[in-house]
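Here the protein sequences come in this chain order: F and P.
Numbering of the first sequence is given in this note's numbering, commencing with residue 1 and proceeding in unit increments.
Numbering of the second sequence is given in this note's numbering, commencing with residue 1001 and proceeding in unit increments.
Everything below concerns the one structure shown next.
Number of protein chains: 2
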Amino acid sequence: MITREAPTHLGTMRDRNLALVLGEIARHQPVTRARLAELTGLTKTTVAAQVGVLTRLQLVEGAGPVREGGRGRPGAPLSLASGPVAGLGLEVNGHYLAACVLDMNGVVRGRAHIARNSRDRPVGETLDALVRMARRVIEEAAEAGFTVMGTTVAVPGVVDRAAGTVNAPNIGWQAVTVEALLADSLPPQPIGVRVENEANLGALGELWYGAGRGSGSYVYVSGEAGIGAGLVVDGELFRGAHGAAGEIGHVVVDPSGPSCACGGRGCVEQVAGLDAVLRAAAIESVDAGGAGHLPDATAELLRRLETGDALAAAAVEAAGSGMAVALIAAVNLLDPDTVVLGGLHALLAPWMAPHIESALSRSGGRLRGSVPTIRAAALASESAVRGGAGTVVARVLADPMVVS
Amino acid sequence: MITREAPTHLGTMRDRNLALVLGEIARHQPVTRARLAELTGLTKTTVAAQVGVLTRLQLVEGAGPVREGGRGRPGAPLSLASGPVAGLGLEVNGHYLAACVLDMNGVVRGRAHIARNSRDRPVGETLDALVRMARRVIEEAAEAGFTVMGTTVAVPGVVDRAAGTVNAPNIGWQAVTVEALLADSLPPQPIGVRVENEANLGALGELWYGAGRGSGSYVYVSGEAGIGAGLVVDGELFRGAHGAAGEIGHVVVDPSGPSCACGGRGCVEQVAGLDAVLRAAAIESVDAGGAGHLPDATAELLRRLETGDALAAAAVEAAGSGMAVALIAAVNLLDPDTVVLGGLHALLAPWMAPHIESALSRSGGRLRGSVPTIRAAALASESAVRGGAGTVVARVLADPMVVS
DNA sequence: TCATTAAGTCCAATGAGTGGACTAAACTTC
DNA sequence: GAAGTTTAGTCCACTCATTGGACTTAATGA
């Protein structure tokens, strides 16, 4: 029934406690050994030993005596090193490539953003461009004294962990072995390369560094061409049985609505996706072949909303209502405390969020104690890369010994 | 970010490995020490020591030499003891009270079922009746040589773990401190008394002993007056941020449908709940004051379905379509591999499941690799009590030292 | 200046798991 | 049927992370 696969031995115990100490340092820095002993429940002796190891790993460093005015001998405060350990996040997307290097404190130590339409280009070319960008960023980080320990790549599709492949129909990828290809092309890293769904990483990015901080569990909705969601529960990503959880795009919001490529009718994507909104706002969805930072049509939509265009406003309201129905389902099933709108919907949030909020509170109001709050993503188009880099940081925090 | 609260010391390590060994015995019984060493990754020495402890706790016993025809010295097979350790599951419900005692092997060692309409009776009376039943069952189990180590109570409502209270509007309960009240009224038990949502326990019951065996993650839908769901992911219950996950009843399946007590419109409950189906089938929902095992109206509905009544069939088909829309949402968001229909819907499954299945495969077919299979619950009205008792068993398996 | 308080280090002790040697109990082969 | 082979289970000296108390260090307060 309940399974624990691996046996615990002395080394396991040590690693766990090491992670425990490092985690408390991260949360309470600067902090003395004595206080760490209280926080962790370990003895001073053990804490001192662990701190020794962490210092040698260059994960922790002394932070200069901070006087606290106490009586006895003052403690020696410890902090996470602003040291060499860093993580890299990458993102491939319909209209840009992006990268971001984060140190252990979550400070951005390098970034890149390349507008690029990857929808109509061969997979190989796209990956080459991604690798070139990654190499450049890694090199720049190295010059600034940062060593990238691992890389996480955000892709707009479903990751099949078992097969090691990615399917991302929106950019024409089918069974692409991203992890293997990148691992071969990038400099070797102790933590290696991992691929993850863009919405999932966006959710983590906002959780750790953006609009999701403080909320234990929430739904991050990320809309571009398709609509996906990342589900964070109790600070952990919820992936589902096959890693395909959070595919909110094909939740049915109108059984008598238009039919969808998925085979069903009235999916959210058909109602609140970019194409649907543009169509309803009567904006031509031309993507002029080349690359634009914000696709032209999206920019035009925002312009019209700002100038109070009635048709655009109605289009966004309709999308909001559709989205609300899908979110009601998500809220009832998953019981989150916050909903974060990302991607396209972060841009539309000023006009869209009120409609969603009122629909949500109307529907769930009488049953559940608290209606989840709706927020726009705080990191804009960087949510996913930050989440990706943060995943590497989190990995180090959870298992400090991976840093060689 | 990632948190581990408790420090690991030698004792923790030992307890973990103890659980590991016990778990492998449960999964592979009968099994020898040598094979256990392989399975767990521990040494023969350690396994032998752990088995010694488990034997002393009366959780494990030798099972007589089973010849395997191998070459060397034959091993001494070990099995879970059919010994004294047992768990108790209780259920309170609109129309019955139920109890079930399970030994460590999941064998039913005692049960009770009392038809009783608890909707219109004071909370205190209902709890008294529950306690009387529980006491009787515990006593009978004791006479048969079984010691109840803990109790789990299934209630048709939301459990607020923080406040220790239960809200179950369907039976008129509001902020009832069930755990505290029962713990005071029942004989002391090492594992104590726990309350849990009925759908959640039903999900676990089916997972461990019924239709869910073998599937790692699934959605258990339990419908009576309201409709709730229990979500099992990777063999674990998914509770959500406030323990209110799986409230599928108020997922919107028809934005233009009838308005619901929750404040929204077109909730599944309005379309696929008992009342809706009876209304559509033109059956009077009289509940003749007294108590009936199957409420009269439900029995009548089944009779008509069996005789091929067209109106009843249409009613169930409509309910199935509504349910399908809600399940599409659940499947897309949670990515389960199986859907189990419980409660009322287990009875209706023969007529309802085909409609749900076809709608599900139509909708998700082209996107996700596999469409989840639909099954009817195998334990009928016992799902929840078995899950409740199983929770106690699982607790012992996960932490054998709780058995004093 | 001396007592007090608290931080950090040192060190012998504890105890769970390890690994190799040993014994036990079967089967195979001559 | 006796000797050799194979596998199961036990014994025992050893390792090593954590512990708890004694000790050292460094500040404050009288």
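For each residue, glycine too, the CB sits at the ideal point set by N, CA and C.
- Message: I'd like to check one pair, V253(F) with P336(F): are the Cβ atoms closer than 7 Å?
- Response: Cβ distance not < 7 Å, so P336(F) and V253(F) don't count as in contact.
- Would you mind telling me which residues of chain P sit closer than 8 Å to H355(F), beta carbon to beta carbon, in chain order? By Cβ distance, chain P contributes nothing, its closest Cβ being about 13 Å from H355(F), past 8 Å.
- For E236(F), does the three-state DSSP call read helix, strand or coil? It is a strand residue.
- Task: Could you please give me the residues that DSSP links to L948(P) through a beta bridge?
- Result: The first residue shown for chain P is 1001 and the last is 1404, placing residue 948(P) beyond what the model contains.
- Message: Buried or exposed for A1168(P), going by 16 or more other Cβ atoms inside 10 Å?
- Response: Under a 10 Å Cβ-count criterion, A1168(P) is classified as buried, with 16 or more other Cβ atoms of the shown protein chains found around its own Cβ.
- According to the neighbour-count rule (16 or more other Cβ atoms, all chains shown, within 10 Å of its Cβ), is A163(F) buried or exposed? exposed
- Can you give the Cα-Cα distance for G1289(P) and N1093(P), rounded to whole angstroms? Caution is warranted here: a pLDDT of 43 is assigned to G1289(P), below 50, making its placement in the model unreliable, and no coordinate value can be reported.
- Under three-state DSSP, which class holds H1113(P)? strand
- Item | With 16 other Cβ atoms within 10 Å as the buried cut-off, status of L311(F) | exposed
- Cβ of V1195(P) within 7 Å of Cβ of V1221(P)? Between V1195(P) and V1221(P), the gap from beta carbon to beta carbon reaches 7 Å or more.
- Task: Kindly indicate which three-state DSSP category D1103(P) falls into: helix, strand or coil?
- Result: Note: D1103(P) maps to strand in three-state DSSP.
- Message: By the three-class DSSP mapping on this structure, what secondary structure does N197(F) have?
- Response: strand
- Query: Residues in the stretch 1032 to 1044 of chain P with C-beta within 8 Å of chain F's C-beta atoms, listed in sequence order?
  - Reply: T1040, G1041, L1042
- Message: With distance defined between alpha-carbon atoms, name the residue in A349(F), R395(F), M104(F), T307(F) nearest to S321(F).
- Response: The candidate whose alpha carbon is nearest that of S321(F) is A349(F).
- With 16 other Cβ atoms within 10 Å as the buried cut-off, status of T1338(P): By the neighbour-count rule (16 or more Cβ atoms within 10 Å), T1338(P) is buried.
- Message: Applying the 10 Å Cβ sphere with the 16-neighbour rule, what's the burial state of A384(F)?
- Response: Answer is buried; the Cβ neighbour count reaches 16.
- Out of W351(F), D234(F), A229(F), state which residue places its alpha-carbon closest to the alpha-carbon of A245(F). Nearest of W351(F), D234(F), A229(F) to A245(F), Cα basis: A229(F).
- Determine the direct distance from the alpha carbon of V158(F) to that of Q58(F), and round the result to whole angstroms. 36 Å
- Measure the beta-carbon distance from G1264(P) to R362(F) and round it to whole angstroms, keeping in mind my assumption that it falls under 8 Å. A Cβ-Cβ separation of about 7 Å places G1264(P) in contact with R362(F) under the 8 Å criterion.
- Leaving out five residues on either side along the sequence, give the residues of the same chain with a beta carbon under 6 Å from the beta carbon of Y209(F). G106, R386
- Item | Cβ contact (3+ pairs, closer than 8 Å) linking the stretch 4 to 14 of chain F and the stretch 1012 to 1030 of chain P | Contact annotation: the stretch 4 to 14 of chain F touches the stretch 1012 to 1030 of chain P, with at least three C-beta pairs closer than 8 Å.
- Which bits of chain F does F1325(P) rub up against, with CB to CB less than 8 Å? Just to set this straight, residue 1325(P) is Val in the shown sequence, not Phe. In chain order: V252, P255.
- Message: Between which residues of its own chain and T165(F) is the CB-CB distance below 7 Å, once the five residues before and five after are set aside?
- Response: If the five residues before and after T165(F) are omitted, its C-beta is found closer than 7 Å to the C-beta atoms of A175, V176, T177, all from its own chain and listed in chain order.
- Message: Can you look up L1347(P) in the DSSP assignment and give me helix, strand or coil?
- Response: helix
- Does the stretch 97 to 104 of chain F come close enough to the stretch 126 to 142 of chain F that 3 or more CB-CB pairs lie under 8 Å? yes
- Around the Cβ of E306(F), are there at least 16 other Cβ atoms within 10 angstroms (buried) or fewer (exposed)? Its Cβ having fewer than 16 others within 10 Å, E306(F) is exposed.
- Message: Please tell me whether G1149(P) has its Cβ less than 7 Å away from any Cβ of chain F.
- Response: Here residue 1149(P) is Met; the residue named in the question, Gly, does not match the sequence. It does not: the Cβ of M1149(P) has no partner Cβ on chain F nearer than 7 Å.
- Query: How about P1336(P): is its C-beta nearer than 7 Å to some C-beta of chain F?
  - Reply: yes
- Using a Cβ-Cβ cut-off of 7 Å (strictly less than) and excluding sequence neighbours within five positions of A380(F), which residues of its own chain qualify? A346
- Say whether chain F places a C-beta atom closer than 7 Å to the C-beta of S1383(P). no
- Give the secondary structure of A1142(P) by DSSP, where H, G and I count as helix, E and B as strand, and everything else as coil. helix
- Task: Could you tell me whether the Cβ of H1345(P) comes closer than 7 Å to any Cβ of chain F?
- Result: no
- Item | Three-pair Cβ contact test at 8 Å for the stretch 1234 to 1244 of chain P versus the stretch 1142 to 1160 of chain P | The stretch 1234 to 1244 of chain P is in contact with the stretch 1142 to 1160 of chain P.
- Contacts of I248(F) in chain P (Cβ-Cβ under 7 Å): N1332, L1333, listed in chain order.
- Query: For L1201(P), which of M1401(P), R1239(P), L1186(P), G1214(P) has the nearest alpha-carbon?
  - Reply: Ranking the options by Cα distance to L1201(P), first place goes to R1239(P).
- Message: Given a cut-off of 7 Å on the beta-carbon distance, is the pair L78(F) and V148(F) in contact?
- Response: no
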